[in-house]
Amino acid sequence: MYTVLPLTAALVGIVSAAPAGSKRDFSPDNVYYPLSNGFPNPNPAAVQKIQMDADGPLSNAPPPDKGPSADGITSLKLVAFNELFEVAYFNELIYNVTEKVPGYDLGYGHEYVIDALRAITAQEQLHALNANGGLKRAKVDQIEPCKYSFPVTDFQSAISLAATFTDIVLGTLQDVIQVFAKNGDDGLARGTASSLGNEGEQEGFFRLVQKKRPSAKPFLTAGVRDFAFTAVQGFTIPGSCPNIDTIPLKTFKPLTVESKDIKAETQALHFSFAKEHAGTEDWASLSVVFINGQTVPIVKSLDKVKVEGDTVHFEAGFPFDEFVMNGLTIAAVTKGSGPFPNAPAVAKEAIFGPGLIEIE
Ligand SMILES: *[C@@H]1O[C@H](CO)[C@@H](O)[C@H](O)[C@H]1NC(C)=O
């Protein structure tokens with residue numbers, strides 16, 4: 003592992019001035035699709051090329067003889083919705099690094115990063131085609147891409163954001179497989195687990211580039227489809243997703259994590275949300291819930307509540323030491339205090355979320 007350190011050291015923080023006048027033009031008007039290869043509707047020759055770039059093809063196994071269930075179809079829709087966002091993101095990231103737009107000039111390490119990102123975007127295109135292909139076989143409308151906007155303007159923040167949304171995917175695919183299992187969609191479980199592993203490999207790369215250990219924790223943080231659905235919508239232009247209304251998942255109200263640069267220690271964290279969405283002013287009737295690893299969700303009270311205009315500020319005890327909460331933590335504000343046996347039980351009662359906390 004130490005031999006790669008000079009490389010990662012070179013990747014971190016080396017940003018030279020880009021030529022004046024260079025500007026963003028990958029996605030005029032936030033429109034990312036179709037890509038130059040025709041994706042999301044590539045022709046067979048283009049699919050062949052994507053498979054070469056991805057270092058592997060789509061499965062050629064015959065589709066499962068039954069299903070998918072209605073809930074299984076919802077999962078395929080969510081996966082397609084998420085992957086379309088990811089492909090847009092990684093294509094723009096490749097563009098930014100290739101064109102060395104300000105903030106994206108890596109100097110040494112450039113070729114390795116571009117090469118890794120090209121494989122990742124091709125692999126994500128195949129994940130999207132796989133999910134939308136499953137919908138097509140089920141004679142359900144395929145999910146269409148939205149317009150997107152990404153809150154990053156430099157390489158390190160872009161990789162850090164990629165690591166966070168990939169962590170959400172790593173949790174969400176657990177939920178997808180669980181829901182497949184529950185509904186007898188066993189024919190879809192193996193392929194999904196296989197893509198989950200691929201996402202984990204990508205995560206190792208994003209972590210390495212951030213000078214973190216490649217593997218975050220022994221059992222990755224559980225996700226819930228509704229949390230992922232809400233999180234991805236944060237990168238879409240409202241009203242621009244042609245058939246998002248065909249995805250029957252919940253969208254929560256935003257929970258802001260106000261604390262920055264959160265250290266690996268037990269502490270009080272600061273959050274806020276919009277008062278109008280709470281549906282109550284009895285703050286003791288709400289709880290903050292933390293989901294980390296495979297630990298039973300941790301329930302805390304809202305402390306030091308302060309209402310300032312339309313915003314409710316509060317703190318909550320974050321018991322890092324007790325539960326060794328490295329990696330991703332998903333925070334939510336729920337009605338009541340549970341107990342919540344698992345992450346889906348939290349989503350069922352959640353009003354605000356997901357608040358995303360990443361700790362090394
Ligand atoms: C690419 O760079 C532009 C210009 O700084 C920025 O607005 C956009 O968010 C960047 N995209 C990614 C994925 O890094």
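Numbering (the numbering used here), first residue to last: 3 to 362.
Ideal Cβ positions, reconstructed from N, Cα and C, are used throughout, including at glycine.
These numbers come from a predicted model, not from an experiment.
Is the beta carbon of Tyr-91 within less than 8 Å of some heavy atom of ligand 1?
Answer for Tyr-91: yes, Cβ within range of ligand 1.
Under a Cβ-count criterion, where at least 16 other Cβ atoms within 10 Å of its own Cβ denotes burial, should Phe-221 be classed as buried or exposed?
Counting Cβ neighbours within 10 Å, Phe-221 comes out exposed, since fewer than 16 surround it.
According to DSSP, is Tyr-150 part of a helix, a strand, or is it coil?
DSSP places Tyr-150 in strand when its eight states are reduced to three.
If you pair each beta-carbon of the stretch 112-127 with each one of the stretch 85-100, do three or more pairs fall below 8 Å?
Result yes; three or more Cβ-Cβ pairs closer than 8 Å.
List the DSSP bridge partners of Asp-305.
For Asp-305, which the question treats as bridged, DSSP gives the partners Glu-317.
Collapsed DSSP secondary structure at Gly-206 in the structure displayed:
Three-state DSSP puts Gly-206 in a helix.
Identify whether Thr-297 lies in helix, strand or coil by the three-state DSSP scheme.
Coil at Thr-297, not helix or strand.
Using a threshold of 9 Å, state whether the C-beta atoms of Thr-1 and Gly-225 are closer than that.
The shown model of the chain, from 3 to 362, leaves out residue 1, and the question about it has no answer.
Around the C-beta of Pro-147, are 16 or more other C-beta atoms found within 10 angstroms, so that it is buried, or is it exposed?
Burial call: buried.
Ranges of the alpha helix (DSSP H) found wholly within the stretch 99-142, counting only runs of at least 4
Taking only runs of at least 4 residues, the alpha helix (DSSP H) segments lying wholly in the stretch 99-142 are 112-139.
Does DSSP classify Ser-289 as helix, strand or coil?
Of the three classes helix, strand and coil, the one that applies to Ser-289 here is strand, per DSSP.
Using alpha carbons as the reference points, say which of Gly-193, Lys-265, Thr-313 and Asn-32 lies closest to Ser-274.
Of Gly-193, Lys-265, Thr-313 and Asn-32, the residue nearest in Cα terms is Thr-313.
For Ala-82, which three-state DSSP category applies?
Helix, per DSSP.
May I ask you to check if the CB of Pro-147 is nearer than 8 Å to at least one heavy atom of ligand 1?
For Pro-147, the shortest C-beta to heavy atom distance toward ligand 1 is 8 Å or greater.
Helix, strand or coil for Gly-74? Go by DSSP, reduced to three states.
Reduced to three states, the DSSP call for Gly-74 is helix.
In the DSSP assignment, what residue or residues form a beta bridge with Val-335?
BP columns for Val-335 point to Val-290 and Phe-354.
Compute the Euclidean distance between the alpha carbons of Ala-164 and Asn-200, then round it to the nearest angstrom.
Counting only the Cα atoms, Asn-200 lies some 14 Å from Ala-164.
Are there 16 or more other CB atoms within 10 angstroms of the CB of Pro-64, so buried, or fewer, so exposed?
In the assembly as shown, Pro-64 is an exposed residue. Its beta-carbon has fewer than 16 other beta-carbons within 10 Å.
Using only alpha-carbon positions, find the residue among Lys-337, Ala-276 and Glu-85 that is nearest to Ser-303.
It is Lys-337 whose Cα lies nearest to the Cα of Ser-303.
Close beta carbons around Val-33, own chain, < 7 Å, minus the five adjacent residues each side:
Short of 7 Å from the beta carbon of Val-33, and not among the five residues preceding or following it, lie these beta carbons of its own chain, in chain order: Lys-149.
For Lys-308, the nearest candidate out of Lys-141, Ala-286 and Gly-186 (CA to CA)
Closest by alpha carbon: Ala-286.
Alpha carbon of Lys-213 to alpha carbon of Phe-320, nearest angstrom
About 25 Å.
Using a 10 Å radius around the Cβ and a threshold of 16 neighbouring Cβ atoms, would you call Asp-284 buried or exposed?
By the 10 Å Cβ count, Asp-284 comes out exposed.
State buried or exposed for Thr-223, treating a residue as buried only when at least 16 other CB atoms are found within 10 Å of its CB.
With 16 or more Cβ atoms within 10 Å of its Cβ, Thr-223 is classed as buried.
Beta carbon of Pro-104: closer than 8 Å to some heavy atom of ligand 1?
Checking the Cβ of Pro-104 against ligand 1 gives yes.
Helix, strand or coil at Val-226 [DSSP, three-state]:
Val-226 carries a coil assignment under DSSP once its states are collapsed to helix, strand and coil.
Measuring only the C-alpha atoms, how far is Lys-350 from Ile-246?
Roughly 20 Å between the two C-alpha positions.
Determine, using beta carbons only, whether Ala-56 and Ala-121 come nearer to each other than 9 Å.
Closer than 9 Å, so yes.
Beta-ladder partner(s) of Ser-274, from DSSP
The partner list for Ser-274 (beta bridge, DSSP) reads Thr-258 and His-315.
Cβ of Ala-233 within 9 Å of Cβ of Ile-170?
For Ala-233 and Ile-170, yes; Cβs fall inside 9 Å.
Just mark Arg-227 as buried or exposed, buried being the case when its beta carbon has 16 or more other beta carbons within 10 Å.
Arg-227 is classed as buried because its beta carbon has at least 16 other beta carbons within 10 Å across all chains shown.
Identify whether Gly-329 lies in helix, strand or coil by the three-state DSSP scheme.
If DSSP states are grouped into helix, strand and coil, Gly-329 belongs with the strands.
By how many angstroms is the C-alpha of Asp-73 removed from the C-alpha of Gly-186?
Distance between the alpha carbons of Gly-186 and Asp-73: 10 Å.
So is the beta-carbon of Val-33 under 8 Å away from any non-hydrogen atom of ligand 3?
Here the bound small molecules are ligand 1; ligand 3 is not part of this structure.
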